[in-house]
Amino acid sequence: MTGRSRYIGFRKEGEYGTAETDPSIRYEDAVCSIQPNLNWMISEPVAKRAYEKRAMGLYRAQGPIGDFDVTPEGIIGDLLMGIFGSEETPDNPETDVYTHEFVPADTIPSYTVRVGGEIEERVLPGCLIEELTLKYKAGAFLKANATVYSGFPETADTIVAAPTIDTIQPFTQIDDLVNFIVGTDATAEGKLSELTLTIKNNIPFSEGDLSGRTFSQIRVGQRTVTGTMTVAFDNDDVYDDFIAGTPFDLTATLQGDLIGESETYRNLLRVKLFNCQYLRDGTPPIRTQNEILKINAAFQAFYNAGEAREVEAFLQNSIAAY
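With numbering that gives the first Met the number 0 as the guide, the letters of the sequence shown map in order to residues 0 to 321.
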């Protein structure tokens, strides 16, 4: 198997739909299944029983990048930039320590995605991030998955024999470098056992125009920010908020190893949702005595006028910019 490898890599494009050839691409240790669809147009025959007329329709490729352990300098920053659309860069606190604040925008960037499959590399230009999900679970690494759309036909390239995969330890939820705050409850991490956050751009990907087969313009729909949390029923706070329709903010903060030679600053990922509303599943089902009573609460974040957004993410690492 010498010289063969499997990988997925991201590089932000300077021009939408034009594949980037710059080698400074970030790779990830993740499975993916981004499948092309030629959407064949087939003419229904009338004069005879046999089908004979057909033409390729709108080119669309789409599929998931499936659950991978989130490292500070893998593709998580590219996915955050791709799903949010904008990066605000605050003052960097120390040499070689960089901070990135991702905030919602009405436009999103495109990426050239390279998928290595041992024999050849698939090059997918014009990729857009449709959906990003973060999964927090007790006793596990933070995991992420994403849905990627590409509306431009792919090409092939030579496989990368040894792609550079981030070797920094993934973010975890099993030490004192975590912080989960639900509303004003600073001890929420003691009640939460699982938390899932999903941001979706609702791209109208099935639409086309008269310019050809490609998805020629970057278009997005309504942004939705949703989540679910599994909470031990140690008190009735969540239940009361669910019944009363009380909104809340939610902050999830994870820290990792120290950055480079720094003695102070760590790799960090913080996601904050504003003006959240419990939607359903606000009561615990009754179980046997040897099971913890838990609430599986679904919620959605809504626009907060004071913050001028419904969600934001903050990433700190040694990468200068996304």
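Each residue gets a CB set at the ideal place from its N, CA and C atoms; glycine is no exception.
Owing to the predicted nature of the structure, the values given are computational and were not obtained by experimental measurement.
- No Cβ-Cβ contact shorter than 8 Å links residue 65 with residue 213.
- Taking every protein chain shown into account, the CB of residue 41 has fewer than 16 other CB atoms within 10 angstroms, so this residue is exposed.
- Assignment of residue 78 by DSSP, reduced to helix, strand and coil, places it in the helix class.
- Note that the C-beta distance between residue 142 and residue 68 is below 8 Å.
- Contact annotation: residue 290 and residue 100 have beta-carbon atoms that are not nearer than 8 Å.
- Ranked by how close their Cα comes to the Cα of residue 12, the residues 234, 34 and 125 have 125 in first place.
- Within the stretch 37-119, complete alpha helix (DSSP H) segments of at least 4 residues are found at 75-83, given in chain order.
- In the three-state scheme derived from DSSP, where H, G and I count as helix and E and B as strand, residue 182 is classed as coil.
- Residue burial annotation: residue 191 is buried, with at least 16 other C-beta atoms found within 10 angstroms of its C-beta.
- Where residue 237 is concerned, the enclosing alpha helix (DSSP H) starts and stops at 236-243.
- Bridge partners of residue 283 according to DSSP: none are assigned.
- In this structure the stretch 146-156 touches the stretch 111-125; the number of beta carbon pairs closer than 8 Å is three or more.
- For residue 165, there is no enclosing beta strand (DSSP E), as DSSP gives it neither H nor E.
- For residue 175, no beta strand (DSSP E) segment is defined, and its DSSP state is neither H nor E.
- The C-beta distance from residue 317 to residue 95 rounds to 5 Å, short enough to fall under 8 Å.
- Apart from sequence neighbours up to five positions away, the residues of its chain that approach residue 75 with a beta-carbon distance below 8 Å are 69, 143, 268 and 314, ordered along the chain.
- Check the Cα spacing between residue 111 and each of 93, 25 and 221: the tightest is with 25.
- In this structure, the beta-carbon distance from residue 309 to residue 224 falls below 8 Å.
- Here residue 297 carries a strand assignment [DSSP, helix/strand/coil].
- About 18 Å separates the CB atoms of residue 107 and residue 62; that is not less than 8 Å, and the two are not in contact.
- At the C-beta level, residue 255 and residue 168 come within 8 Å of one another.
- For the pair residue 278 and residue 170, the CB atoms are not nearer than the 8 Å cut-off.
- By the beta-carbon neighbour count (other beta carbons within 10 angstroms, threshold 16), residue 30 is exposed.
- Contact check for residue 227 and residue 296: beta-carbon distance about 7 Å, within the 8 Å limit, so the pair qualifies.
- DSSP lists 60 as the beta-bridge partner residues of residue 35.
- In the assembly as shown, residue 293 is a buried residue. Its beta-carbon has 16 or more other beta-carbons within 10 Å.
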